[in-house]
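In what follows, a single structure is set out as structure tokens and then discussed.
Protein chains: 2
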Amino acid sequence: MDFEELAATLKALADLTRLKIIALLQTRDCCVCELVPIFKISQPAVSKHMSRLKTSGLVKETRKGMWVFYSLNRDRLEELGISLTNLPDLSEELRQLEQQGLLVQCD
Amino acid sequence: MDFEELAATLKALADLTRLKIIALLQTRDCCVCELVPIFKISQPAVSKHMSRLKTSGLVKETRKGMWVFYSLNRDRLEELGISLTNLPDLSEELRQLEQQGLLVQCD
DNA sequence: GAACAATATAACGATATGGTTATGTAATTT
DNA sequence: AAATTACATAACCATATCGTTATATTGTTC
Chain A
1 MDFEELAATL KALADLTRLK IIALLQTRDC CVCELVPIFK ISQPAVSKHM SRLKTSGLVK
61 ETRKGMWVFY SLNRDRLEEL GISLTNLPDL SEELRQLEQQ GLLVQCD
Chain B
1 MDFEELAATL KALADLTRLK IIALLQTRDC CVCELVPIFK ISQPAVSKHM SRLKTSGLVK
61 ETRKGMWVFY SLNRDRLEEL GISLTNLPDL SEELRQLEQQ GLLVQCD
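Quick mapping for you: the protein sequence lines, in order, are chains A and B.
Residues 1 to 107 in UniProt numbering are what the first sequence lists, from first letter to last.
Residues 1 to 107 in UniProt numbering are what the second sequence lists, from first letter to last.
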């Protein structure tokens, strides 16, 4: 994941409710109407959270009759963890800036 | 890390500039005045980013004469990655809610 | 001690975020 | 086909976020 995508994915996860939703989805798939009483927020609020998680790729949806079941995209979550501990190496960019004299010297 | 702390730490990281700062600090420690020309934002903006990163524990500061050098707290970053792939298990909480009849039945 | 340099804090503005209520849409049931 | 159920979208509001400029604060140098 590049920086942009990583930041976007982290933002999707950087919310207490969404974090707990992700944890819940580790146990089993859930539909919106199940999450409403658990988190005690309105149905539209849950819907928006799920929409955000879906956009970030952390969650997938499956329509099942009237319901929309959301499931965790485990690969994506793992990918995020890996990206976090393997952030792009900026040493080359830093070296170039130094060469161009665009860096301040602190010593 | 519990959910609250995890969400707070993720929020500290879920910003393009701070993410790149963290990546930079992987290469070497930096002081505020070095980061200003790199990111082309004002000095107070950099200061605030560093303050946020420091509060979240992702970064440590070392005063060195006039300068404040910031260094990456690698342990903390790794801890975050691990927490992400080992989110608290909510299956027990889910079971209790089911027993109390507080869950909707979707089938 | 006066001037300067690096950093932090304060005050402000534009935009993003996370909630609400109201309403639209799609599938199910009667 | 009318009513119901689950979900999504729209419009709105309060607060958070991220930038700015102005102003401390702290250490250095002359």
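Even glycine gets a Cβ: it sits at the ideal position worked out from N, Cα and C.
Spell out whether any CB of chain B is found under 8 Å from the CB atom of residue i.
i: PRO44/A; result: no
i: LEU102/A; result: yes
i: THR85/A; result: yes
i: SER47/A; result: no
i: LEU10/A; result: yes
i: LEU53/A; result: no
Rounded to whole angstroms, how far is the Cβ of residue i from the Cβ of residue j, which I believe are closer than 8 Å?
i: SER91/A; j: MET1/A; result: SER91/A to MET1/A, Cβ: 19 Å. No contact.
i: ARG52/B; j: ARG18/B; result: 7 Å
i: SER71/A; j: LYS64/A; result: Between LYS64/A and SER71/A the Cβ distance is about 11 Å, and since that is not below 8 Å, they are no contact.
i: LEU58/B; j: ALA12/B; result: 6 Å
i: PHE3/A; j: LEU16/B; result: 6 Å
Spell out whether any CB of chain A is found under 8 Å from the CB atom of residue i.
i: ILE41/B; result: no
i: GLU4/B; result: yes
i: GLN26/B; result: yes
i: GLY57/B; result: no
i: LYS60/B; result: no
i: ASP75/B; result: no
i: SER71/B; result: no
So, helix, strand or coil for residue i, using DSSP?
i: SER42/A; result: coil
i: ARG28/B; result: coil
i: LEU58/B; result: coil
i: LEU77/A; result: helix
i: LEU72/A; result: strand
Within this structure, are the beta carbons of residue i and residue j separated by less than 8 Å?
i: PHE69/A; j: CYS31/A; result: yes
i: LEU94/A; j: LEU24/B; result: yes
i: ALA8/B; j: LEU10/A; result: no
i: GLU78/B; j: THR55/A; result: no
i: ILE22/B; j: HIS49/B; result: no
(message) With three or more beta-carbon pairs closer than 8 Å as the criterion, would you say the stretch 96–107 of chain B touches the stretch 22–37 of chain A?
(response) Verdict: yes, contact present.
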